[in-house]
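For the sequence shown, numbering that gives the first Met the number 0 assigns the number 0 to the initial residue and increments by one for each residue that follows.
All residues carry an ideal CB built from backbone N, CA and C; glycine is no exception.
One structure is given here, and the rest of the page talks about it.
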Amino acid sequence: MTYLTYDEYKEYGGTASEQDFTMLEFRARKRIDRLTASRVQRMAKVPEAVKLCMMSLIGIDSKAGAEAQVDKPVVTSFNTDGYSETYGKALSVADADAAMSASIRSMLWDETDDNDVPLLYRGIEV
């Protein structure tokens, strides 16, 4: 079960290729599952908040995630024959991970599953 289809991703303005989207969607879904105890998997319909959260995670992961930094490292400064330029700080992988976790916590705050259990609830369900 995917939380966001490629067609939905494109409708929301996504720009990744379908091939790249497959892996990005998978990693974003697994990250949400980890922080929600997989509650979304058991829902009849994926809430809009989860779809928008997926868009946020895919955006961060495609620009600053671990694979993105290996495939396309960000140049933050360069020096050529005495001429030097420095750009803004690039997110580290740890920064990107923290940003994605914060995005999940803020975007899924107060969202509930089909049994009215908050998606981010980490206690014991009776």
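Comparing C-alpha distances from Asn114 to each of Ser83, Ser61, Lys44 and Cys52 shows the shortest one belongs to Lys44. The Cβ-Cβ distance between Ala48 and Met106 falls below 7 Å. Ser83 sits in a strand when the DSSP states are folded into three classes. DSSP places Gln18 inside the alpha helix (DSSP H), whose first and last residues are Glu17 to Thr35. Between Arg41 and Asp112 a beta carbon distance of about 7 Å is seen, short of the 8 Å cut, so the two are scored as contacting. Taking Tyr11 as the centre and dropping the five residues before and after it, the same chain places the C-beta of Met54 closer than 6 Å to its C-beta, in chain order. Contact between Glu17 and Tyr2 does not hold, since their C-beta atoms are separated by about 16 Å, which reaches or exceeds 8 Å. Remark: C-beta atoms of Ile57 and Leu23 approach each other more closely than 7 Å.
Apart from sequence neighbours up to five positions away, the residues of its chain that approach Ala15 with a beta-carbon distance below 8 Å are Tyr8, Leu23, Ile57 and Ser61, ordered along the chain. Cβ contact annotation for Arg104 (same chain, cutoff 8 Å, sequence separation greater than five): Leu34 and Leu119, in chain order.
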